[in-house]
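Letter 112 of the sequence shown, counting from 1, is numbered 120 in the numbering used here, and no numbers are missing. Written below as structure tokens is the structure these notes are about.
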Amino acid sequence: MQARHALNIAGAAVLLFGVSSIFNGCKSKPTVQQAVKTVLSSEDQNAMDKEQPIIECINQTFAHFEEMTPVYFQDMDQLKQSKTKDVAFFSFKIRPFEVSHQFEDSCIDGLNKSASMLPAIPQVDATAQDTANTLKQLQAPGDALEDYIRQKGWLADNFTKGKELDATLSPLLKRLWNDMQTLENAVHDQQTVLRKHELDAIEKEEGRNLHWHTMNSMLAARSLNDSVVTLTKAEKLDAQTMAAASKPLQDALDAARTYLATHPDEGKPDQRNMDPVWTTISSDLDRELGAARDAQTALPANGPLTDVDKKKARYPLQMVMYYYNQAVKSFNDAASMGVSR
């Protein structure tokens with residue numbers, strides 16, 4: 009009997025919301041519109057501030073390493089067996105050919121800063137510091153490997169130097185991978201709680217306006233993305249469970265558009281001619297929902313999935329993640345520009 013393969017939908021790291029200027033106000037760029045008063049508890053606000061440096065690392069540095077690390081191990085395996093003359097791996101640097109490691113160093117500083125902030129979370133703080141140390145230890149051998157790969161040094165020395173570098177890099181990368189997963193899971197769980205608190209605070213302060221519907225739609229999009237991952241790992245993904253997972257996002261989008269139809273002024277640009285955040289994220293959320301519908305069509309009504317089912321569903325499921333990540337990028341970009349609604 010042919011072995012059944014797991015459904016692998018990993019295509020990119022799942023990005024996280026940054027600290028939102030549409031709720032917290034923008035600290036560096038004043039907005040023409042009056043800043044929204046922060047109504048989160050001091051504990052929640054401190055937790056958000058503590059997580060922000062980790063989120064920035066997850067969305068840039070971690071995402072890059074999660075993409076390159078599997079490529080690295082695949083190439084090293086091929087080179088050890090002398091089965092290839094070309095490799096796909098290029099660099100661990102966020103920007104190849106940069107002389108410094110400014111992006112990784114920024115992440116390292118951020119992780120150490122987060123670990124020193126209150127409230128103290130011993131396991132997370134220790135993991136953040138360990139991750140920072142590992143990133144630093146990877147830089148020198150990573151640079152040496154980049155030169156070696158670019159020069160195709162393995163063709164001259166039968167991969168002798170490559171094996172030496174790999175003996176240093178492999179354990180560091182495995183440790184980094186585990187630490188990244190620990191931090192991502194911890195921040196993800198805490199973010200889910202904090203964003204729900206934030207949604208409640210917006211409703212209390214402003215009512216269910218477009219600001220509230222924007223955040224509600226983002227949380228529903230996140231829920232769909234999380235459900236896809238959870239159902240896939242549990243091997244409970246089929247057309248029925250996919251439809252159920254998609255419904256909260258459909259309801260949130262419908263509610264937002266119903267509200268906007270009766271409050272059109274909230275959808276207009278502000279005094280700086282900046283569109284509301286809803287305008288920048290809604291098309292990506294529509295596409296995320298559309299990708300979920302494609303996956304639902306590709307899946308059987310009930311599980312378990314065959315290998316053919318998994319092959320058909322893999323791409324649309326990856327697109328669910330992709331469009332969610334695009335919405336998060338748009339959300340975070342708007343926040344960084346000081347869009348306050």
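Just so you know, even glycine gets a beta-carbon here, dropped at the ideal spot from N, CA and C. The structure displayed is predicted, hence computed values, not measured ones.
Output needed for residue i: all residues of its chain with C-beta closer than 7 Å, excluding positions within five of it in sequence on either side, in chain order.
| i | result |
| --- | --- |
| Ala140 | Ile116, Leu119 and Asn120 |
| Asn176 | The residue asked about is misnamed: residue 176 is Thr in this sequence, not Asn. Contacts found: Pro149. |
| Ser338 | Thr288, Ile289 and Asp292 |
| Ser36 | Confidence is the limiting factor: at Ser36 the pLDDT is only 28, short of 50, which leaves the residue's position unreliable and the question unanswerable from this model. |
| Asp283 | Pro277 |
| Tyr331 | Asp292, Arg295, Glu296 and Ala299 |
Buried or exposed for residue i, please, with buried defined as at least 16 other CB atoms from any protein chain shown within 10 angstroms of its CB.
| i | result |
| --- | --- |
| Gly215 | exposed |
| Leu126 | exposed |
| Asp208 | exposed |
| Val195 | buried |
| His109 | buried |
| Asn310 | exposed |
| Thr135 | buried |
| Ser122 | buried |
| Gln60 | buried |
| Ser49 | exposed |
| His271 | exposed |
| Val236 | buried |
| Ser225 | buried |
Does the distance from the C-beta atom of residue i to that of residue j stay below 7 Å?
| i | j | result |
| --- | --- | --- |
| Val336 | Ala300 | no |
| Met250 | Gln304 | yes |
| Leu202 | Met84 | no |
| Ala247 | Leu307 | yes |
| Pro324 | Asp302 | yes |
Could you pull out every residue in the same chain whose Cβ sits closer than 8 Å to the Cβ of residue i, ignoring the five residues on either side in sequence?
| i | result |
| --- | --- |
| His221 | Ala260, Ala263, Ala264, Tyr267, Leu268 and Trp286 |
| Val40 | Confidence is the limiting factor: at Val40 the pLDDT is only 22, short of 50, which leaves the residue's position unreliable, though a coordinate-based value still follows. The answer, listed in chain order, is Asp278, Gln279 and Arg280. |
| Asp138 | Arg183 and Asp187 |
| Leu87 | Val95, Trp162, Phe167 and Gly170 |
By Cβ distance, which residues of its chain are closer than 6 Å to residue i, with the 5 residues on each side in sequence left out?
| i | result |
| --- | --- |
| Met345 | none |
| Glu274 | Leu218 |
| Asp113 | none |
| Met188 | Phe70 |
| Gln334 | Asp292 |
| Val245 | A quick correction: the sequence has Leu, not Val, at residue 245. Leu239. |
| Val132 | Ala194 |
Kindly give me the distance between the Cβ atoms of residue i and residue j, rounded to whole angstroms, as I take these residues to be in contact under 8 Å.
| i | j | result |
| --- | --- | --- |
| Leu146 | Phe100 | 6 Å |
| Ala229 | Leu257 | 6 Å |
| Thr77 | Leu181 | 5 Å |
| Leu232 | Ser254 | 6 Å |
| Phe73 | Ile157 | So it is not a contact: roughly 16 Å between Cβ atoms. |
Can you name the start and end residues of the alpha helix (DSSP H) that residue i belongs to?
| i | result |
| --- | --- |
| Glu192 | Thr168 to Glu214 |
| Ser122 | Gln110 to Ser124 |
| Val107 | No alpha helix (DSSP H) contains Val107, which DSSP labels as neither H nor E. |
| Met223 | Leu218 to Lys241 |
| Asp294 | Val285 to Ala306 |
| Met84 | Ala71 to Lys88 |
| Leu268 | Ala247 to Thr270 |
| Met329 | Asp315 to Ser344 |
| Met56 | Ser50 to Cys65 |
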